[in-house]
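Asker:
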Amino acid sequence: MRKGRFPGLDGTDGQWLLLSAIVVSIGLGALVLLLNMAILSGHSSTQSIMSFPKNQIRDLRYNCVSEAGVIGSIINRENAIVAKTDAFNQSFGRFVDETGAYYASHGALTSVDFSPHVIYNESMGQVKITNVTLNIMFYDGTTTYTENTTVGII
22 MRKGRFPGLD GTDGQWLLLS AIVVSIGLGA LVLLLNMAIL SGHSSTQSIM
72 SFPKNQIRDL RYNCVSEAGV IGSIINRENA IVAKTDAFNQ SFGRFVDETG
122 AYYASHGALT SVDFSPHVIY NESMGQVKIT NVTLNIMFYD GTTTYTENTT
172 VGII
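So the sequence shown is residues 22 to 175, counted in this note's numbering.
1. Quick one: measure Cβ to Cβ for ILE21 and SER112, integer angstroms, because I've assumed they're closer than 8 Å.
2. Taking 6 Å as the limit between beta carbons, can you name the residues of its chain near TYR105, skipping five residues before and five after?
3. In its own chain, which residues sit with a C-beta less than 8 Å from the C-beta of PHE73, not counting the 5 before and 5 after it?
4. DSSP has PHE159 in a bridge; who is on the other side?
5. Would ALA104 pass as an interface residue toward chain B - the criterion being a Cβ-Cβ separation below 8 Å?
6. Taking all protein chains shown into account, decide if SER83 is buried (16 or more other Cβ within 10 angstroms of its Cβ) or exposed.
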């Protein structure tokens, strides 16, 4: 065994230094790799949140519910002999067609199925629309949204 210039150090102490440097560099490499993967997964989840069409869905739902309520209220105020369900179906059907064309021009498919429910008041001799059941569907190529809701008519 050869003794070096420095007391307490022999010829194998440099190997420990080199081995510890390799272990530290591998650990840092693994840490950088994990950090990079965490950043990428955060980016992809943020991207999916940003691409979700919540405003389009919210607008479609709001417009369908409010239009059904308005049309139903207007038709209930009329004292016409004509069947109120036919008048509602015709008016709301036009709204659904125009809304579908609007969303199609923006790359989304919509479908709104509706069914008005009526009661007959024998003492007044009136038919009144009490509520409308809506089945709203939205599809933009990645997101499918379906909702069943009932709109009360006043």
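Quick reminder that beta carbons are idealized off the backbone N, C-alpha and C, glycines included.
Answerer: Taking the definition as stated:
1. Nothing about residue 21 can be reported from this structure: the residues present for the chain run from 22 to 175 only.
2. In the sequence as presented, Tyr is not what sits at residue 105; that position holds Lys. Excluding residues within five positions, the ones whose Cβ falls inside 6 Å are ILE96, VAL148 and ILE150.
3. Cβ neighbours of PHE73 within its own chain (closer than 8 Å, five residues either side excluded): THR164.
4. THR131 and TYR166, per the DSSP bridge assignment.
5. Looking at the structure shown, chain B is missing, and only one protein chain is on hand.
6. The sequence given here places Tyr at residue 83; Ser does not occur at that position. With fewer than 16 Cβ atoms within 10 Å of its Cβ, TYR83 is classed as exposed.
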